[in-house]
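Before any comments, here is the structure.
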Amino acid sequence: GEQIDIHGGGQDLIFPHHENEIAQSESFTGKKPFVKYWLHNGLLQFGEDKMSKSLGNLVTIKQALTKYSPDAIRIFILNSHYRSPLTYSEEGLEAAEKGVERFTQAISRQDPTGGKGKALDAQPYRQRFIEAMDDDFNTAQALATMFDLAREINEAGDSGLSFSKAQSTLVSLAREVLGLKLAFKNVIIEVPKLRLTITTYAPTVILGTVSARVNRLIEERVKCRKEKNWQQADEIRKKLAALGVILEDKKDGIRAAYKSVPSEESLDSLLKELGIDFKDSLKKAANN
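If you want the working numbering, it's the 1-based position in the sequence shown plus 9.
Below you can see the structure in the form of structure tokens.
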């Protein structure tokens, strides 16, 4: 069009590139201003240098996605003001990945009140979020507000407050405004005398059911705990964590979260290491 509402670009393009655009467009159309709002972002740096192909220090999005989730990369970027320079950091991306876990755990919690009774008021957090975004898109402050709300949701669950509406607020801000996916899928299965909630937020989505091998390992851990074999139970938990399956013991059962989806080969190796005959377990289950 002859006039543009928002025009973005790197700060290194302000002069002469964008000034030339203004001069050429306004001279040609006779209409001013060519752009109502300019959004000039800071540059991505690698150490002291600008990240660029010519310097050979480029980390592509495709390469980053082999190590980090899309949400972690987005949070890493949003945690810095768009006009500020951003230094690529493995530590920063790992911290962002933990941030994804915090959000996912908060929105996947089961509200024991069923949405009834005294509820956590999320409106002050929504207002703080809006004020931060109205302040020249201060995404770092907006994210900080969301982390505060996530913490309040977890604390509300422990104190008996209803938090399902607060979860909806957190999901709305994360997905509709900041573009985070925070994908998870809950699958409820039964294990002996315990209820197990599986929450997946790995890049690969587990469809329909929980891995039979993971289920078998969790059952074995339940058995060890009943027999007060705490060392073996803790060993299973640590081994599963190393494969990307995080177990958390709750009053009403066990919560398992997939950080990554382990291969059948790695699970078979762990079953063998623990002396569990998985095929024999399947036969017994089929006979029952």
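The C-beta atom is built at its ideal place from N, Cα and C for all residues, glycine as well.
Check                                                                                                                       : Outcome
Residue range of the beta strand (DSSP E) that includes Ala81                                                               : From DSSP, Ala81 is part of no beta strand (DSSP E) but of the alpha helix (DSSP H) over Pro79 to Leu87.
Three-state class that DSSP yields for Ile285 in the structure shown                                                        : coil
CB contact flag (Phe287, Arg222, <8 Å)                                                                                      : yes
Arg83 beta carbon near the ligand FAD (any heavy atom closer than 7 Å)                                                      : Ligands displayed in this structure: none; no statement on the ligand FAD is therefore possible.
CB-CB length for Ser275 against Leu252, believed under 8 Å                                                                  : 6 Å
Neighbourhood of Leu279 by C-beta distance below 6 Å, restricted to the same chain and skipping five residues each side     : Lys248
Rounded separation between Gly17 and Leu48 - CA only                                                                        : 5 Å
6 Å Cβ shell around Ile31 - same chain, five flanking residues per side excluded                                            : Phe43
Every unbroken alpha helix (DSSP H) inside the segment 14–42 [4 residues or more]                                           : 28–38
Whole-angstrom C-beta distance between Ile285 and Glu229, which should lie under 8 Å                                        : 6 Å
Cβ-Cβ separation, Asp80 to Leu182 (assumed contact under 8 Å), whole Å                                                      : Their Cβ separation, rounded to whole angstroms, is 14 Å, which puts Leu182 and Asp80 out of contact at 8 Å.
Residues of its chain near Pro212, where Cβ-Cβ distance is below 7 Å and the 5 sequence neighbours each way are ignored     : With a pLDDT of 38 at Pro212, under the threshold of 50, the modelled position of this residue cannot be trusted; read the value that follows with caution. Hits under 7 Å: Ser78.
Coarse secondary structure for Lys190, derived from DSSP in three states                                                    : coil
Nearest-angstrom Cα separation, counted from Asp120 out to Asp145                                                           : 35 Å
Cβ shell of Glu35 (< 7 Å), same chain only, five flanking positions each side left out                                      : Lys41 and Phe43
Simplified DSSP assignment, three categories, for Val109                                                                    : helix
Assigned exposure category for Phe172 - 16 Cβ within 10 Å defines buried                                                    : buried
Reference Asn66; option with closest CA among Asn50, Lys281, Tyr97 and Ala266                                               : Tyr97
Own chain partners of Ile70 with C-beta closer than 8 Å, once the 5 adjacent residues on each side are dropped              : Ile82
Burial state of Gly39, where buried means 16 or more other Cβ atoms lie within 10 Å                                         : exposed
Chain-order list of residues whose beta-carbon lies under 7 Å from that of Asp21 (same chain, five-residue window excluded) : Leu52
Local Cβ density within 10 Å of Lys268, reported as buried at 16 or more and exposed below that                             : buried
DSSP three-state assignment for Ser168, whether helix, strand or coil                                                       : helix
Reduced DSSP category for Ala266 - H, G, I as helix; E, B as strand; rest coil                                              : strand
Buried or exposed by the 16-neighbour rule on C-beta atoms within 10 Å, applied to Ile245                                   : buried
Euclidean distance between Cα positions of Ser177 and Leu158                                                                : 11 Å
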